[in-house]
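Participant: Chains as they are written, first to last, in the numbering used here: chain A, 21 to 394; chain B, 21 to 394.
Take this structure, written in structure tokens, and hold onto it; I'll ask about it next.
There are 2 protein chains.
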Amino acid sequence: MDFEIEKREFFKGLSLIQGIAGRKTTLPILTHVLLESQKGWVQLTGTDLEIGIREELTAKVKQEGKASVSAKKIYEIVKELPDEIIHVQKRENQWIRLQSGKSIFNLSGLDPEEFPALPTYQEDYFSELPASLLSEMIEKTVFAAANEESRYHLNGVLVLQKKEGGKEKLRMVATDGHRLSLIDRESQIVRGIEKGIIVPKKGVLELKRVISDKDGEDVGIYFDPTHGFLKIGKSLMVIRLIDGEFPEYEQVIPKENDKRLTLDKEKVYGCLRRVSTMTSERGEGIKLSIKGRSIEFSTFNQDFGDAREEVDVDYDGPAFEIGFNSRYLLDALNVMPSTTVTIELKDEGSPGMITPVTSTESRDQFCIIMPMRI
Amino acid sequence: MDFEIEKREFFKGLSLIQGIAGRKTTLPILTHVLLESQKGWVQLTGTDLEIGIREELTAKVKQEGKASVSAKKIYEIVKELPDEIIHVQKRENQWIRLQSGKSIFNLSGLDPEEFPALPTYQEDYFSELPASLLSEMIEKTVFAAANEESRYHLNGVLVLQKKEGGKEKLRMVATDGHRLSLIDRESQIVRGIEKGIIVPKKGVLELKRVISDKDGEDVGIYFDPTHGFLKIGKSLMVIRLIDGEFPEYEQVIPKENDKRLTLDKEKVYGCLRRVSTMTSERGEGIKLSIKGRSIEFSTFNQDFGDAREEVDVDYDGPAFEIGFNSRYLLDALNVMPSTTVTIELKDEGSPGMITPVTSTESRDQFCIIMPMRI
């Protein structure tokens, strides 16, 4: 292996790998990046066995070959090098040598044949979706996914294809058992998700990171029963799916919430932030007291004191009280795309449903939050 | 106690206290801020017994009095409040009530009489020094101070008044036993430092933070045998001094370093950063091999590999090698104000001295670094 590459090109590629390789692991090769050179290009591969990324970089290849070196070390070195050509050569005993100007680095490596192969993919299975669509849908659901080792099937986002009103829609849903967030968007058909698959939170977040600067571009996507495959420019990302049953989330969607409150999102958000300063950091309960055309949010903390604030509300039902986790309310408001939102409630023991108020009135996005006893 | 205050004024004051109050401590009152209202102003006081800060804020006082509440909680609340007037009132049982618009907060408090008093100061003892002078001298020395519990007399900066060439100079020196940094600057006479006092690192850094936006302003300063007193605008800062003997640092200053290397600072800095990527994070040894008009910096790490790079040097002595901690070299170069620096060496077992190359050639700033066996 022998190639010359621009520092910027090499650094961009190595940065992308940092998110998944180089972490603490018992298998040393997983902290490495696999370098492969072929005519006209160099490939970098990194994987933690759950997520794999392979990228193609432009380089002047003098000799084909493979090498495996610490992803973190080579990243740190290339980061410090000036904006010039870097010459990369494989030497004896798996060592590689980097040279740029008067700087010379010799990095010890491992046998590249030990590097785990990424699952193979079918070029003609990919559908193209806008990167911005994926980013939006991930952002509006992933916050509601769980972080629990014992209930690993909740630690991800359900991705599902469905037909509604003659239109193909992509659905994402996440829930941690205390709250749920769902979004539907029109899209092309994506292969392999008719029955729904669960993409782990870590994979979803890594995907969001990788496509964060790809607005206006398309992403190739398809799933097989065990993996998701994504093509982003000259990069391939492979995510191992969660093997488990996603909860019957449709049963949780309230259908009899007859108390409908319409509120100014920014005003409620500010009020919640202020009143919840008096809760502990974990996010404790906040009481909503609805009376006439006004809603009072209040908290009480036995160590510090209490807080309350009133906000105007558009509502014409009977007075009542209900408690919610303030963090969950803030998270839900945060992903609503409208300036006005509705909170639909039934009674103090039933879940609340938060929806954006839009011109179409279609239920293509909502959050559900379980109540708390206050 | 009853006063009305602008949110911005209150928030600015509470922010300054956050640096020292509100930390984990076994004495609850030290996590509090003391509020005192008198005609036309409100005073805030915070202390951790090592550093104390008292500030005067502009407010409309309706009733004089004192209260003590959690510095962190009141800061978090005021931060979230809109840019309006806040009404602060003391209630029964040491509670205080904050009200702004439709927001009402009741905060539990402690008896303000329990709050430790700050040491008293003498108004006419203060000398005025430019804030920028203090900032510069702190920045160029404090990095070399130690962080060791067992050698607490090294965990600070020696501050000393001396007369040289008929001029009064302020000196600051810090050392951790492996390196030393010293700076002299002309200044007014400061009371109480003829024999030198040791200001703890934490106090020095807190002072630097407080005066960071005071460029162009003066700071009042004097010391008594146990405390430093600083007046910054309407704030008073009191720092408890370290009670110990500072090392005989003048004996460490090399006088026989006859090998004089002149180097381009930026080039050496970049080279050191690159070559030291191959050291561990703690900063290991870097080898300097001087030969002819060239100097090679090199490292070796048994886990990862090796690195080397050559830089031009202005030197006409014999070839030789010496080792230094790469972190110490980087820190020293970082505080040199010139584009060219000299490194003066004797042999591989003697300390090196780094000085800026300036037009005056006065020795008013330098760093000393002990060598390492490589």
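By construction, the Cβ of each residue, glycine as well, lies at the ideal position given by its N, Cα and C atoms.
No experiment lies behind these values; they were computed from the predicted model shown.
Counting only beta-carbon atoms, is A:L174 nearer than 8 Å to chain B?
Facilitator: Here residue 174 of chain A refers to the residue found at position 154 of the first sequence. A:L174 does not count as touching chain B.
Participant: Starting from B:L190, follow the beta strand (DSSP E) in both directions and report where the run begins and ends.
Facilitator: Along the second sequence, one-based indexing puts residue 190 of chain B at 170. Run containing B:L190: 187-195, per the beta strand (DSSP E) assignment.
Participant: Taking the straight line between their C-alpha atoms, what separation do you get for B:E341 and B:I374?
Facilitator: Position 321 of the second sequence, counted from the start, is the residue given in the question as residue 341 of chain B. Position 354 of the second sequence, counted from the start, is the residue given in the question as residue 374 of chain B. Roughly 17 Å between the two C-alpha positions.
Participant: Can you say whether A:R191 is buried or exposed, counting buried as having 16 or more other CB atoms within 10 angstroms of its CB?
Facilitator: Here residue 191 of chain A refers to the residue found at position 171 when the first sequence is read from its first residue. Classification for A:R191: buried.
Participant: Could I get the ranges of all uninterrupted beta strand (DSSP E) runs contained in the segment 262-326 of chain A, with 3 residues as the minimum, in chain order?
Facilitator: As far as the segment 262-326 of chain A is concerned, its whole beta strand (DSSP E) runs of at least 3 residues are 279-284, 305-311, 314-321.
Participant: Return the residues of the segment 292-326 of chain B that lie within a Cβ-Cβ distance of less than 7 Å from chain A, sorted by chain order.
Facilitator: Against chain A - using a Cβ distance shorter than 7 Å - the residues of the segment 292-326 of chain B are R293, R294, T297, M298, F324, G325, D326.
Participant: A:I97 versus chain B: which residues are under 9 Å apart at the beta carbon?
Facilitator: Here residue 97 of chain A corresponds to residue number 77 of the first sequence, with the count starting at 1. The contacting residues are R294, T297, M298, A327.
Participant: Taking only beta-carbon positions, decide if A:I124 is within less than 8 Å of chain B.
Facilitator: Numbered from its first residue, the first sequence carries residue 124 of chain A at position 104. Output row for A:I124: interface = yes.
Participant: In angstroms with no decimal places, state the Cα-to-Cα distance between B:S128 and B:E104.
Facilitator: Position 108 of the second sequence holds residue 128 of chain B. Position 84 of the second sequence holds residue 104 of chain B. Using only the alpha carbons, I get a separation of about 23 Å.
Participant: Ends of the beta strand (DSSP E) at A:D22?
Facilitator: As a first step, residue 22 of chain A is located in the first sequence; it is residue number 2 there, counting from the start. Element bounds for A:D22: 22-26.
Participant: Provide the residue span of the beta strand (DSSP E) that contains A:D204, from first to last.
Facilitator: For this step, residue 204 of chain A is matched to residue 184 along the first sequence. From DSSP, the beta strand (DSSP E) with A:D204 extends over 199-206.
Participant: In this structure, what does DSSP give as the bridge partners for A:I49?
Facilitator: The residue you call residue 49 of chain A lines up with position 29 of the first sequence. Answer is none; A:I49 lacks a bridge partner.
Participant: In chain B, what lies closer than 9 Å to A:W16 by C-beta?
Facilitator: Absent from the model: residue 16 of chain A. The displayed extent of chain A is 21 to 394, so no value can be given.
Participant: Three or more C-beta pairs closer than 8 Å, one from the segment 63-72 of chain A and one from the segment 133-141 of chain A: is that the case here?
Facilitator: Yes: at least three Cβ pairs fall under 8 Å.
Participant: Do we get a CB-CB distance below 8 Å when we pair A:S128 with the residues of chain B?
Facilitator: Walking along the first sequence from the start, residue 128 of chain A turns up at place 108. True, the Cβ-Cβ gap to chain B drops below 8 Å.
Participant: Under the rule that 16 or more other beta-carbon atoms within 10 Å means buried, what is B:G176, buried or exposed?
Facilitator: Within the second sequence, numbered from 1, the residue matching residue 176 of chain B stands at position 156. Burial call: buried.
Participant: In the structure shown, what three-state DSSP assignment does A:Y242 receive?
Facilitator: Position 222 of the first sequence, counted from the first residue, corresponds to residue 242 of chain A. Of the three classes helix, strand and coil, the one that applies to A:Y242 here is strand, per DSSP.
Participant: Just the chain A side, please: which residues come within less than 8 Å of B:L101 by C-beta, in chain order?
Facilitator: For the purposes of this step, residue 101 of chain B is taken as the residue at position 81 of the second sequence. Under the 8 Å cutoff, chain A gives R294.
Participant: Under three-state DSSP, which class holds B:R229?
Facilitator: As a first step, residue 229 of chain B is located in the second sequence; it is residue number 209 there, counting from the start. It is helical.
Participant: Whose C-beta lies closer than 8 Å to the C-beta of A:S35 among residues of the same chain, with five residues either side of it excluded?
Facilitator: Locating residue 35 of chain A in the first sequence gives position 15, where the first residue counts as 1. Excluding residues within five positions, the ones whose Cβ falls inside 8 Å are Y95.
Participant: Could you please give the first and the last residue of the uninterrupted alpha helix (DSSP H) stretch that includes A:I158?
Facilitator: As a working mapping, residue 158 of chain A is identified with position 138 in the first sequence. Counting along the chain, the alpha helix (DSSP H) containing A:I158 begins and ends at 151-159.
Participant: Counting only Cβ-Cβ distances shorter than 8 Å, please list the residues of the segment 330-350 of chain B near chain A, keeping chain order.
Facilitator: Taking 8 Å as the Cβ-Cβ cut-off against chain A, the residues of the segment 330-350 of chain B that qualify are E330, V331.
Participant: Let me check one thing: in DSSP terms, what residues is A:M356 bridge-paired to?
Facilitator: The residue given as residue 356 of chain A occupies position 336 in the first sequence. DSSP, once it has assigned bridges, lists no residue as partnering A:M356.
Participant: In its own chain, which residues sit with a C-beta less than 7 Å from the C-beta of A:K82, not counting the 5 before and 5 after it?
Facilitator: Position 62 of the first sequence holds residue 82 of chain A. Here the set comprises D22, F23.
Participant: Please state if the CB of A:G240 and the CB of A:F146 are separated by a distance shorter than 8 Å.
Facilitator: Numbered from 1 along the first sequence, position 126 holds the residue referred to as residue 146 of chain A. Numbered from 1 along the first sequence, position 220 holds the residue referred to as residue 240 of chain A. A contact, by the Cβ cut-off of 8 Å.
Participant: Ends of the beta strand (DSSP E) at A:V62?
Facilitator: Within the first sequence, residue 62 of chain A is the residue found at index 42, counting from 1. Run containing A:V62: 61-67, per the beta strand (DSSP E) assignment.
Participant: Identify which residue in A:T380, A:S88, A:E75, A:M356 has its Cα closest to the Cα of A:H52.
Facilitator: The count along the first sequence starts at 1 and reaches residue 52 of chain A at position 32. Cα-wise, what sits closest to A:H52 is A:S88.
Participant: Within this structure, are the beta carbons of B:L153 and B:S201 separated by less than 8 Å?
Facilitator: Here residue 153 of chain B refers to the residue found at position 133 when the second sequence is read from its first residue. Here residue 201 of chain B refers to the residue found at position 181 when the second sequence is read from its first residue. No, these two residues do not count as a Cβ contact at 8 Å.
Participant: Starting from B:A87, trace the beta strand (DSSP E) in both directions and tell me its first and last residue.
Facilitator: Here the question's residue 87 of chain B lines up with position 67 in the second sequence. 85-90 is the extent of the beta strand (DSSP E) around B:A87.
Participant: Could you check whether A:G216 and A:V179 sit closer than 8 Å to each other, using their CB atoms as the reference points?
Facilitator: On the first sequence, residue 179 of chain A is found 159 positions in, with the first residue counted as 1. On the first sequence, residue 216 of chain A is found 196 positions in, with the first residue counted as 1. The answer is yes: Cβ separation under 8 Å.
Participant: Compile a chain-ordered list of the residues in the segment 27-45 of chain B whose CB is closer than 7 Å to at least one CB of chain A.
Facilitator: Hits within the stretch: zero.
Participant: Just to confirm, are B:V333 and B:R313 a CB contact at a threshold of 8 Å?
Facilitator: Taking the first residue of the second sequence as 1, we reach residue 333 of chain B at position 313. Taking the first residue of the second sequence as 1, we reach residue 313 of chain B at position 293. For B:V333 and B:R313, yes; Cβs fall inside 8 Å.
Participant: Pick helix, strand or coil for A:I363, following the three-state DSSP scheme.
Facilitator: One-based indexing of the first sequence puts residue 363 of chain A at position 343. A:I363: strand per DSSP, three-state reduction.
Participant: So is B:G60 buried or exposed if we call it buried at 16+ other beta carbons inside 10 Å?
Facilitator: To locate residue 60 of chain B, count along the second sequence from 1; it is residue 40. By the 10 Å Cβ count, B:G60 comes out exposed.
Participant: If distances are taken between C-alpha atoms only, which option among A:D278, A:D244, A:Y269 comes closest to A:D263?
Facilitator: As a first step, residue 263 of chain A is located in the first sequence; it is residue number 243 there, counting from the start. Considering only alpha carbons, the answer is A:D244.
Participant: Could one say the Cβ of A:K93 lies closer than 8 Å to chain B's Cβ atoms, at least one of them?
Facilitator: Position 73 of the first sequence, counting from 1, holds the residue named residue 93 of chain A. It does; some Cβ of chain B falls within 8 Å.
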